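J.: Per the UniProt record's numbering, residue 1 is the first one in the sequence shown, and the count goes up by one each step.
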Amino acid sequence: MRKILLISIFLFISKCSSQYGVIKEVKDDFKNSSTLTLEVYANSESTAKGAKTLFLNFTKSFDSNSAGVIRCAISAKTLVGGQQRFSSSIFLKIDSKKINIKLTANKIAATELLDLSIRSGEFFVTNELQNDILNANSLSVRFYSGEIAYDVDYSNSDLNVIKELIKKRPII
Numbered sequence: 001m002r003k004i005l006l007i008s009i010f011l012f013i014s015k016c017s018s019q020y021g022v023i024k025e026v027k028d029d030f031k032n033s034s035t036l037t038l039e040v041y042a043n044s045e046s047t048a049k050g051a052k053t054l055f056l057n058f059t060k061s062f063d064s065n066s067a068g069v070i071r072c073a074i075s076a077k078t079l080v081g082g083q084q085r086f087s088s089s090i091f092l093k094i095d096s097k098k099i100n101i102k103l104t105a106n107k108i109a110a111t112e113l114l115d116l117s118i119r120s121g122e123f124f125v126t127n128e129l130q131n132d133i134l135n136a137n138s139l140s141v142r143f144y145s146g147e148i149a150y151d152v153d154y155s156n157s158d159l160n161v162i163k164e165l166i167k168k169r170p171i172i
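1. Are the stretch 31 to 46 and the stretch 146 to 165 in contact at 8 Å, needing three or more beta carbon pairs?
2. Less than 8 Å between the CB atoms is what I'm expecting for Leu165 and Leu54, so what's the real figure, rounded?
3. Leaving out five residues on either side along the sequence, give the residues of the same chain with a beta carbon under 6 Å from the beta carbon of Ser61.
4. Can you give me the Cβ contacts of Ser140 inside the same chain, cut-off strictly under 6 Å, excluding the 5 residues immediately before and after it?
5. Got a sec? Which residues, its chain only, sit under 6 Å from residue 173 by beta carbon, not counting five neighbours each side?
6. Taking the C-alpha atoms as reference points, what is the distance between Asp29 and Asn65?
7. Just the Cα atoms here: how many angstroms apart are Leu134 and Leu38?
8. Helix, strand or coil: how does DSSP classify residue 181 here?
9. Return helix, strand or coil for Glu45, following the three-state DSSP convention.
10. Quick one: what's got a C-beta closer than 8 Å to Val161's C-beta in the same chain, skipping five residues either side?
11. Flag this pair as yes or no: are the beta carbons of Arg119 and Ser75 separated by less than 8 Å?
12. Using only alpha-carbon positions, find the residue among Ala67, Cys72, Asp63 that is nearest to Asn57.
13. Determine whether the beta carbon atoms of Ile99 and Leu129 lie at a separation below 8 Å.
14. Would you kindly work out how many angstroms separate the C-alpha atoms of Asn127 and Glu147, rounded to a whole number?
15. Assuming Phe123 and Lys102 are in contact, meaning their beta carbons sit under 8 Å apart, how far apart are those beta carbons, in whole angstroms?
16. How would you write the range of the alpha helix (DSSP H) that Leu129 sits in, first residue to last?
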């Protein structure tokens, strides 16, 4: 119980620090490129193995010749032990449409803090997926750690800032 309280306090402080839900831009004058980043998170519903927090970290990269490529890295931090990776795919639920997304770079990393482990993977946000998100009223993610399914619903404010990132064009 103490571990859960400490994690809750940590997540609350993290949320209040305004690191999440804010689009950040980094310019590289040497490469004549620009990168937009956005990180959002939400907690899953509790399961027999506990709840998890799922982080979505969007990176949109531009150079002088591109319209922007969006990559999404996902990660979940959990108190649940074991070496269970994400499954090879996740599901995005955009309104009532369910989309199977194949993950790459699927891995797990142990930490020394409170027996936490971090599972991660990534995928590219295709043009079709961008259009679906831009027209969406809701966004949910179902991911699997081993055989356990976790459902995460993102808030309207998170969805709106993701839409903003998709539309945003930096000054190069």
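The C-beta atom is built at its ideal place from N, Cα and C for all residues, glycine as well. In this text, all values refer to a predicted model and were calculated from it rather than measured experimentally.
T.: Result, derived from the coordinates:
1. yes
2. Between Leu54 and Leu165 the Cβ distance is about 17 Å, and since that is not below 8 Å, they are no contact.
3. Thr35, Val69
4. Lys93, Asp153
5. An answer regarding residue 173 cannot be provided, because it is not within the stretch 1 to 172 covered by the chain.
6. 14 Å
7. 16 Å
8. The question about residue 181 has no answer here: the residues shown for the chain are numbered 1 through 172.
9. coil
10. Gly21, Val22, Ile23, Leu38, Val40
11. Yes.
12. Cys72
13. yes
14. 30 Å
15. That pair is a contact at about 7 Å.
16. 127 to 134
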